[in-house]
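Scroll down for the structure; my scribbles are underneath it.
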Amino acid sequence: MTSRLTIALLSGVASLVTLSACSTPAQSEETITEAAAITTDAPVLQAEAPAGQLPQGVRPTAYRLDVITDPNKASFTGHEEIDLALEKPHARIWLHALGPVVSSVKAVLPDGMEIAATFTGDQADGGVSRIDFDAPVPAGTATLVIEYSAPYNLQLAGLYKVEQAGKPYLVTQMEDIDARRMFPSFDEPRFKTPYTLTVTAPEGMEVAANGAEVSAAVLGDGTVRHSFATTRPIQSYLVALMVGPYDKMIGNPIPATDLRAEPVPLRAFAPAGKGEKLADILDVTAEIVDWQESYFDYPYPYGKLDLIAAADFAYGAMENAGAIVYREAAILIDDRTSLARRRAIYNTHAHELGHQWFGNLVTPAWWNDIWLNEAFATWISAKTMNAVDPEGEWNIAPINSNLYAMSLDHLASARQIQNPILTNGDIGDAFDGITYQKGGSVLNMFETFLGEDHFRDGIRLHMQRFQDGVATTEDFMQSLADGSGQPDIASSFSTFIAQPGIPYLDVQVSCNADTGAEMTVTQSRYAPLGSTIDTEAPQWKIPFAARVHDASGDHIMRKMLSDKTTTIALDTCPDWVMPNAGGAGYWRFVTDAKNAAALRASYASLSTGEQMMLTDSVNAGFSAGNTDAADLLAGLEAATTGASQAIGNSIGMIGTLKSMLDEAGKAKLADWVEKTYSPIWEYLSERPAPALSTSEQLLAPDVWDLLLEEGHRTDERTVMANRAKAYLGRQYTTIA
Ligand SMILES: [Zn+2]
0 MTSRLTIALL
10 SGVASLVTLS
20 ACSTPAQSEE
30 TITEAAAITT
40 DAPVLQAEAP
50 AGQLPQGVRP
60 TAYRLDVITD
70 PNKASFTGHE
80 EIDLALEKPH
90 ARIWLHALGP
100 VVSSVKAVLP
110 DGMEIAATFT
120 GDQADGGVSR
130 IDFDAPVPAG
140 TATLVIEYSA
150 PYNLQLAGLY
160 KVEQAGKPYL
170 VTQMEDIDAR
180 RMFPSFDEPR
190 FKTPYTLTVT
200 APEGMEVAAN
210 GAEVSAAVLG
220 DGTVRHSFAT
230 TRPIQSYLVA
240 LMVGPYDKMI
250 GNPIPATDLR
260 AEPVPLRAFA
270 PAGKGEKLAD
280 ILDVTAEIVD
290 WQESYFDYPY
300 PYGKLDLIAA
310 ADFAYGAMEN
320 AGAIVYREAA
330 ILIDDRTSLA
340 RRRAIYNTHA
350 HELGHQWFGN
360 LVTPAWWNDI
370 WLNEAFATWI
380 SAKTMNAVDP
390 EGEWNIAPIN
400 SNLYAMSLDH
410 LASARQIQNP
420 ILTNGDIGDA
430 FDGITYQKGG
440 SVLNMFETFL
450 GEDHFRDGIR
460 LHMQRFQDGV
470 ATTEDFMQSL
480 ADGSGQPDIA
490 SSFSTFIAQP
500 GIPYLDVQVS
510 CNADTGAEMT
520 VTQSRYAPLG
530 STIDTEAPQW
540 KIPFAARVHD
550 ASGDHIMRKM
560 LSDKTTTIAL
570 DTCPDWVMPN
580 AGGAGYWRFV
590 TDAKNAAALR
600 ASYASLSTGE
610 QMMLTDSVNA
620 GFSAGNTDAA
630 DLLAGLEAAT
640 TGASQAIGNS
650 IGMIGTLKSM
660 LDEAGKAKLA
670 DWVEKTYSPI
680 WEYLSERPAP
690 ALSTSEQLLA
700 PDVWDLLLEE
710 GHRTDERTVM
720 ANRAKAYLGR
730 QYTTIA
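The end of the sequence shown is residue 735 by numbering that gives the first Met the number 0, with every number in the run present.
So, in structure tokens, the structure goes:
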């Protein structure tokens, strides 16, 4: 899933239905006798509603869901069968339902015997509900049969309804815990089962779900009964359904490969009239899937692929197995789509496709490990785009993730990546920049430390070990250690995911005639000036990497730093040491004045990632009170000699300084902004876009924005303000 934008908090609908028994009393007694013969355990009857995970001992093994839908109406009906495996006899089971009104429920045993039951909804937050059986359901297997109706949700959760241009559309969004709004379910990621959907809908409407459509029967009453193939085992939050007057575009099937004998049928859907804007996303899909299959050494798992532009959507996109749903702005492309937006769309697409392996094929057992999904999808989307669009400068994306994550993680209130999730209410909190961007950055750091091939081997092993199943963080660490052949990596990894904060490295380089050249690295936790953070409390095991430049050239020096202070001997006295080689490390640093000056002077010879991380550390040093404003300005000026991305990052830091200045200081800052950034703007604005690199094109609006807001561009600012007023005036006129 990408980018939580809204959280819909809906009150549940309580359901309390008492049902007549379908089985005879004699049959029930017989059932109890049989159960007693199998086990002497007393029937399980947990009285208290679970606040977090459902009780152990009851596991769904398959869902068959038959729903009758019509987007023109306000509600739908469902016939549901859930196959269960019970470890012990149960007099009561707990599950989730938030909206479905149950009209009948019973258990059917393997011999056909039926046990009547009562459904009671809304027993705890999140639609925790219970089913009480008239007689205990024996240990072994049984099928729950549930008849229900439910309103279409109107707030973008579960099976929801939205209108666009006067036409009603249905689509689903289940993650994190909204499958329970569409059908009663054991709505937790650890329960992966096959799903078989049958959907009746008005004739003429497009209908799509996770599986391929295997038949469509015209019923003669103006409706069609669509039957979909049974899925591989998936968790409830991946169930997808779409019904409505969508435009349908058929893409070229994704060709068969050495890994996959069959082509993958590819389609895309958009609200009526917008289908043509799906052409670009259809075009890039095969290349992305092909690259990711090769990376994972595992064929795309879900048989067919539908891409669905929802008429309205709460997130960026959702990785439902075989039926990915997007907000329009995250998939539709036309000739007015900006370069930045187009890149965001491709990045989101690669993210959701990456989830088909990370998250869908291998799934976290519980929400505290959701970083395994989102950090990996964040990390692999940039890696994928870097491979399929080598001119696109995607290799900088992990550095941007690094910088964004650190802008959150420097706070005293920052949470750790792997966070305990104790209640249903905690789950949504896990979808944030720490999970996505810090998680992705940490993965990038360890991939860099282990080497791409070793890291990939660990991931491939993980896919093989846990395909169609669930895995914890500990499982992943073991796969990575075994696959990479580096068993020590887990203890380092866990210091980054099980505690919050940014390592802050004080790097002192010294050259002494007697002791030789050495670098001393002391770690603490980064804290801005005035923060309540205890900087000495945490300690990391840091996969440190520095670029050392001496008379013989550049060397990358790697060392695992486990101690508070580590002294590293250097071969010769270096010209400079960049204490974050490639910028891949998730840490900030401060260094001695001589090394800092040498780094500024050599700024243009650093890699783009190093330039960005150096400038961030200069800014962070100022915020921490370790360096003064002159150092910050010198650092920002050095950045203007670097790559476009480093210039872009430096622009974002000017606000730090401005916020501390009085009016006279702000006037001088405006002079400095003009002197420093006007030449860059002249360079960018005098050239047509095709003559600029991707990053230069992306930088141009940021530089112009800076000059308008912080420079002496009064006339231009007035022109822009008048344009904005005219635009807004037209908008209001249209509305009126
Ligand atoms: Zn995601």
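Backbone N, C-alpha and C define an ideal beta-carbon position, used for all residues, glycine too.
Which same chain residues, not among the five before or five after N71, have their C-beta less than 7 angstroms away from its C-beta?
-> The residue labelled residue 71 in the question sits at position 72 within the sequence shown. Short of 7 angstroms from the beta carbon of N71, and not among the five residues preceding or following it, lie these beta carbons of its own chain, in chain order: P167.
Taking only heavy atoms of ligand 1 into account, decide whether any of them is closer than 7 angstroms to the Cβ of H348.
-> Position 349 of the sequence shown, counting from 1, holds the residue named residue 348. Proximity of the beta carbon of H348 to ligand 1 is not indicated: no heavy atom of the ligand is located closer than 7 angstroms.
When you compare only the Cα positions, how much space is there between R341 and E662?
-> As a position in the sequence shown, residue 341 is number 342, starting the count at 1. As a position in the sequence shown, residue 662 is number 663, starting the count at 1. When rounded, the distance between both Cα atoms is 40 angstroms.
Give me the Cβ distance between L598 and M577, rounded to the nearest whole Å; I'm assuming they're in contact under 8 angstroms.
-> Position 599 of the sequence shown, counted from the start, is the residue given in the question as residue 598. Position 578 of the sequence shown, counted from the start, is the residue given in the question as residue 577. Indeed, because the Cβ distance is near 6 angstroms, the residues count as touching under 8 angstroms.
Compute the Euclidean distance between the alpha carbons of S483 and F475, then round it to the nearest angstrom.
-> Indexing the sequence shown from 1 puts residue 483 at position 484. Indexing the sequence shown from 1 puts residue 475 at position 476. Their backbone Cα atoms lie some 12 angstroms apart in a straight line.
Comparing the CB of E318 with every heavy atom of ligand 1, is any distance shorter than 7 angstroms?
-> Counted from its first residue, the sequence shown places residue 318 at position 319. Short note on E318: C-beta closer than 7 angstroms to some heavy atom of ligand 1.
G321 to T230, Cα distance in whole Å?
-> The count along the sequence shown starts at 1 and reaches residue 321 at position 322. The count along the sequence shown starts at 1 and reaches residue 230 at position 231. Going by the C-alpha atoms only, they are around 9 angstroms apart.
Integer-rounded CB distance, given that N648 should sit under 8 angstroms from L631 = Along the sequence shown, one-based indexing puts residue 631 at 632. Along the sequence shown, one-based indexing puts residue 648 at 649. That belief does not hold up - the Cβ atoms of L631 and N648 are roughly 13 angstroms apart, past 8 angstroms.
Thinking C-beta only, is P150 closer than 8 angstroms to S214?
-> Against the sequence shown, residue 214 aligns to sequence position 215. Against the sequence shown, residue 150 aligns to sequence position 151. Against a cut-off of 8 angstroms, the Cβ pair of P150 and S214 comes out as no contact.
Does the count of Cβ pairs from the stretch 653–669 and the stretch 679–698 closer than 8 angstroms reach three?
-> The answer is no - the stretch 679–698 does not touch the stretch 653–669, with fewer than three Cβ pairs under 8 angstroms.
Compute the distance between the beta-carbons of H89 and V136, then report whether it is under 8 angstroms.
-> The residue labelled residue 89 in the question sits at position 90 within the sequence shown. The residue labelled residue 136 in the question sits at position 137 within the sequence shown. The criterion of a C-beta distance shorter than 8 angstroms is satisfied by H89 and V136.
What span of residues does the beta strand (DSSP E) with M204 cover, start to end?
-> Looking up residue 204 in the sequence shown gives position 205. The continuous stretches of beta strand (DSSP E) do not include M204, and DSSP gives it neither H nor E.
Separation of G358 from A308, as counted between CA atoms | Here residue 308 corresponds to residue number 309 of the sequence shown, with the count starting at 1. Here residue 358 corresponds to residue number 359 of the sequence shown, with the count starting at 1. Cα to Cα, A308 sits roughly 21 angstroms from G358.
Using CA coordinates, which residue listed in L668, W703, T655 is at the minimum distance from S406?
-> Against the sequence shown, residue 406 aligns to sequence position 407. S406 has its Cα closest to that of T655, out of L668, W703, T655.
Mind checking which residues open and close the beta strand (DSSP E) that includes M476?
-> In the sequence shown, residue 476 corresponds to position 477, counting from 1. That residue, M476, is in no beta strand (DSSP E); its alpha helix (DSSP H) goes 472–483.
Beta carbon of E202, beta carbon of V223: below 8 angstroms?
-> For the purposes of this step, residue 202 is taken as the residue at position 203 of the sequence shown. For the purposes of this step, residue 223 is taken as the residue at position 224 of the sequence shown. Yes, Cβ-Cβ distance for E202 and V223 is below 8 angstroms.
Taking P59 as the reference, give the member of H95, D408, R524, H453 with the closest Cα.
-> Sequence index remark: in the sequence shown, residue 59 carries index 60 (1-based). Nearest C-alpha to P59: H95.
Boundaries (first-last residue) of the beta strand (DSSP E) holding M556 = Against the sequence shown, residue 556 aligns to sequence position 557. Membership of M556 in the beta strand (DSSP E) is indicated by the continuous run 552–560.
Under 8 angstroms by Cβ, that's how I've got G250 and L265 pegged, so tell me the actual separation to the nearest angstrom.
-> Translated into the one-based positions of the sequence shown, residue 250 becomes position 251. Translated into the one-based positions of the sequence shown, residue 265 becomes position 266. Yes, they are in contact, since the Cβ atoms of G250 and L265 sit about 4 angstroms apart, within 8 angstroms.
Please state whether DSSP places F588 in a helix, a strand or coil.
-> By one-based count along the sequence shown, residue 588 stands at place 589. Strand at F588.
Heavy atom of ligand 3 within 7 angstroms of M0 beta-carbon = Here the bound small molecules are ligand 1; ligand 3 is not part of this structure.
What alpha helix (DSSP H) runs, 4 residues minimum, are completely inside the stretch 141–187?
-> Taking only runs of at least 4 residues, the alpha helix (DSSP H) segments lying wholly in the stretch 141–187 are 178–181.
Neighbour-count burial assignment, E802, 16 or more Cβ in a 10 Å radius | As displayed, the chain neither begins before 0 nor continues past 735, which places residue 802 out of reach and without an answer.
Pull up the distance between the alpha-carbon of N394 and that of A600, whole angstroms please.
-> Within the sequence shown, numbered from 1, the residue matching residue 394 stands at position 395. Within the sequence shown, numbered from 1, the residue matching residue 600 stands at position 601. Their backbone Cα atoms lie some 25 angstroms apart in a straight line.
In this structure, does DSSP put H225 in helix, strand or coil?
-> The count along the sequence shown starts at 1 and reaches residue 225 at position 226. Residue state, collapsed to three classes: strand.
Thinking C-alpha only, which one of L410, D257, D296 is nearest R524?
-> Residue mapping note: residue 524 aligns to position 525 of the sequence shown, counting from 1. For the options L410, D257, D296, the alpha carbon positioned closest to that of R524 is the one of L410.
Excluding the 5 residues preceding and the 5 following I679 in the sequence, name in chain order all residues of the same chain whose CB lies nearer than 6 angstroms to its CB.
-> As a first step, residue 679 must be located in the sequence shown, where it is residue number 680. Excluding its 5 nearest sequence neighbours in each direction, I679 has C-beta neighbours in its own chain below 6 angstroms: V702, listed in chain order.
Sequence-distant residues of the same chain with beta carbon closer than 7 angstroms to D574, five excluded per side = Position 575 of the sequence shown, counted from the start, is the residue given in the question as residue 574. Excluding positions up to five away in sequence, the list reads H548, D549, A597.
Assign D704 to one of two classes, buried (16 or more other C-beta atoms within 10 Å of its C-beta) or exposed (fewer than that).
-> To locate residue 704, count along the sequence shown from 1; it is residue 705. Exposed.
Should the stretch 495–515 be called in touch with the stretch 420–428, which here means at least 3 C-beta pairs below 8 angstroms?
-> In short, these stretches do not touch, since the Cβ pair count stays below three.
Drop a sphere of 10 angstroms on the beta-carbon of A725, count the other beta-carbons inside from all chains shown, and report buried for 16 or more, exposed for fewer.
-> Numbered from 1 along the sequence shown, position 726 holds the residue referred to as residue 725. Classification for A725: exposed.
Test item: CB-CB of A580 and R546 under 8 angstroms | Here the question's residue 580 lines up with position 581 in the sequence shown. Here the question's residue 546 lines up with position 547 in the sequence shown. Taking 8 angstroms as the Cβ cut-off, A580 and R546 qualify as a contacting pair.
For R326, count neighbouring C-beta atoms within 10 Å of its own C-beta (all shown protein chains included) and say buried if the count is 16 or more, exposed if not.
-> Here residue 326 refers to the residue found at position 327 when the sequence shown is read from its first residue. R326 should be labelled buried.
For N372, verify whether its CB is less than 7 angstroms away from any heavy atom of ligand 1.
-> Mapped onto the sequence shown, residue 372 falls at position 373. It does: the Cβ of N372 is within 7 angstroms (strictly closer) of some heavy atom of ligand 1.
Within the same chain, show all residues whose beta-carbon is closer than 8 angstroms to that of E33, passing over the 5 residues directly before and after it, in chain order.
-> In the sequence shown, residue 33 corresponds to position 34, counting from 1. Annotation note: pLDDT 39 at E33 (below 50); position unreliable, no value reported.
Kindly examine ligand 1 and report whether one of its heavy atoms sits closer than 7 angstroms to the Cβ of A404.
-> Within the sequence shown, residue 404 is the residue found at index 405, counting from 1. Relative to ligand 1, A404 has its C-beta separated by 7 angstroms or more from all heavy atoms.
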